Structures are given as structure tokens and as C-alpha cells.
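The sequence shown finishes on residue 150 if you use our numbering, and the numbering steps up by one all the way, no holes.
Beta carbons: idealized from backbone N, C-alpha and C, even for Gly.
Because the structure is a prediction, the values reported are computed rather than measured.
See below for the structure under consideration.
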Amino acid sequence: MQFLRAIKGLLPVLRNCLLVACLIYIGGNWIMSSGTPDLDEVVLKYTLGNGSSIYGVRDGQGGATVGFSYRYYVHKNLDSDQEILTTLVSAPFFLKTKEPDVQVSQVDGIIHLIVRGEVYEYRSYPLEGLGALNIDMKL
């Protein structure tokens, strides 16, 4: 009789431990997922003149409920749009915006980026190694 009471008291604890373990597993997988973008259209190609270019691509990862976002990359020169889309999926981007309207110009070795709209993310480490080029961003 006491054995049955002990088992009845232990079942909710075991069930709660299993629930917590499942939630930790699901949460860990979600946090650690790479979240690869769904790049589907090239919106900007700007040659820097040092063997690299700035590419802007549309990311349709959000699906029907979230609008498009636009990622901007500095990468070695690529030939076709299809090559750009497949290569940049795994490359680090330096800018992620809501609008595709980014204007690029180069004056005296300084790259000027003019961004209109929301900027979701900016990362400077993909810009390292550009050589004598400097980036000047205006929002």
C-alpha cells in the first residue's frame, strides 16, 4: 500500500522533469539553429574595384506573416545572380534592413552608404580586410 502511494507521489515529479527536459531540448535547438536565409533576388551590385563587391539581396525567410528583409554583403566578385544567391547564403552580412533602398557611392576611397528605412542589424567584422577603403554610413 505504501509502495503505491510512493509511486503516485513520484509520477507528477517525473512527468514535470520530462516536460522540463523536452522544453530545454526544443529551446536549445531553436537557439542554436543557424537560421539560414532564403535569398531569392539580387537588389544591389556595386563593384569596389579591389576584387570585391557589395551585394544586396532580398531575404524571403519571413513567410506570409513577415515582410521581406534585405541583407548586404561584401564578397569577392561573383559572376551571375544565381551564383550570388547560392554563395551568400553562408556568408556573413554586414547590414540587414527593412527597405531595399540603399544607395552606394565612392568618393576618394570612402564608400558612402545611404540607408532609408529601418536597420535591423549592422556588423562591422565582415568589413575587415577591405584594405584602404573606408565605409561611411548615413541613416
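Around the beta-carbon of isoleucine 121, fewer than 16 other beta-carbon atoms lie within 10 Å, marking it exposed. Closest by C-alpha distance to threonine 98, out of Leu89, Ser135 and Ile125, is Leu89. Between lysine 107 and tyrosine 136 a beta carbon distance of about 14 Å is seen, past the 8 Å cut, so the two are scored as non-contacting. Beta-bridge partners assigned by DSSP to threonine 108: Tyr81 and Val130. In the three-state DSSP reduction, threonine 58 falls in the strand class (E or B). The three-state reading of DSSP puts aspartate 49 in coil, since its state is none of H, G, I, E or B. When DSSP reads this structure, aspartate 70 sits in a beta bridge with Leu50 and Ser80. In this structure glycine 67 is buried. Its beta-carbon is surrounded by 16 or more other beta-carbon atoms within 10 angstroms.
Rounded to the nearest whole angstrom, the CA to CA distance from arginine 134 to phenylalanine 105 is 5 Å. Beta-bridge pairing by DSSP links isoleucine 65 to Tyr57 and Val85. Straight through space, the alpha carbons of tryptophan 41 and lysine 19 are spaced by roughly 34 Å.
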